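This note's numbering applies: residue 730 is where the sequence shown begins, and numbers increase by one. For every residue, glycine included, the Cβ atom is placed at its ideal position computed from N, Cα and C. Note that the coordinates shown come from a computational prediction; the quantities given were computed from them, not determined experimentally.
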Amino acid sequence: LTLVLSILSLVKCQNVCNGYSGLCDRSYTNITYLVTHDSYAVGRNIAATQNFPIIDQLNQGVRGLKFSAVAPILDRAAVHLCHTSCSILDAGPASGVLDTIAEWLDEHPREVITIMWNNLYNMKAGRLANVYSASKIMPYIYTHDSSKPWPTLNEMIDSGKRVVNFVDSQADEKNIPWLMDQFQLVFETPYENTDQNSFKCTIDRPSTLKSPDGHMYVMNHFLYGTLKLGNIEAQVPQRDSATVTNSKSLREQIAECTRTFGKKPNFIEVDFYDDGDAMEIVSELNEV
């Protein structure tokens, strides 16, 4: 009996993609993914955007990670993950975080994730590629053939290439085709939101894009406040309002953007993803 149950459990695991059998035959572009804004910015730091570290996020169903690439003052050649300022929140070298993700992927062979880079210092694509090469994640990197439709999750899992990567500036797809130019494929709604009435369903980035057709999109749904530290004015997350932001407010913006753009969001980016109903809402959108 134990052997039979083990076999049944294995078969079940092999028939799910990102946690659900219903997602396996869907194209990568026909799914909504929960994305954590500055995924690595955790803890009680004033600049923290998440309550739990990346491994916990992945274990709980987050499948999109937004990173900000920063060159810290003390080592301009390095690539660190910081928020607001490296002097306020520095999660360390990006390669170490990629190693952590690779180890999680080793243990979770039926999962597809997306990494989106906010390239704050306009670093050359080769510099970001070197960060990947210094980590263990390269065997998982997906390269999209623009002449073909996007694969299903099951096809990506079978190929072993399960990490999709976008960068918002300085892409060099001729030489580094797997680090894709985000705004050729994905647009974003405005991200500088300071209150519940700020959320809009307009194309913010790239500013030159006039129609949502042919693009996936990120719906940004997190709030910033302003904090003065001496002569420095810093944008900090609104932790205390996260439960409301990630529940009623989130549902309202999704409904508005779906009407405006004629399609559901592909990526929903939030702070403090575990506060409120974000996980449940994404499951509802995916009908799983």
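Candidates the options: closest to residue i by CA position
i	options	result
residue 982	836, 804, 918 and 855	918
residue 806	816, 769, 789 and 859	859
residue 788	834, 854, 873 and 804	834
residue 990	952, 838 and 947	947
residue 767	856, 825, 774 and 797	797
residue 770	864, 786 and 756	786
Bridge partners - residue i, DSSP secondary structure assignment
i	result
residue 1060	Limits of the chain in this structure are 730 at one end and 1017 at the other, which puts residue 1060 out of reach.
residue 986	Paired residue(s): none; residue 986 is not in a bridge.
residue 957	962
Distance between residue j and residue i (C-alpha atoms, nearest Å)
i	j	result
residue 818	residue 811	6 Å
residue 943	residue 879	12 Å
residue 914	residue 945	6 Å
residue 813	residue 903	32 Å
residue 894	residue 795	10 Å
residue 849	residue 832	27 Å
residue 920	residue 853	24 Å
Residue burial classification, residue i (beta-carbon count within 10 angstroms, cutoff 16)
i	result
residue 897	buried
residue 1000	buried
residue 891	buried
residue 802	exposed
residue 984	exposed
residue 784	exposed
residue 747	buried
residue 961	exposed
residue 741	Confidence is the limiting factor: at residue 741 the pLDDT is only 46, short of 50, which leaves the residue's position unreliable, though a coordinate-based value still follows. So residue 741 ends up on the exposed side.
residue 876	exposed
Proximity test, Cβ basis, 9 Å: residue i and chain C
i	result
residue 929	Among the chains of the structure shown, chain C does not appear; only one protein chain is present.
> In the stretch 890 to 952, which residue ranges form an unbroken beta strand (DSSP E) of at least 3 residues, counting only runs that do not cross its ends?
Replying inline: Look at the stretch 890 to 952 and you find these whole runs of beta strand (DSSP E), each 3 residues long or longer: 892 to 896, 908 to 910, 915 to 917 and 945 to 949.
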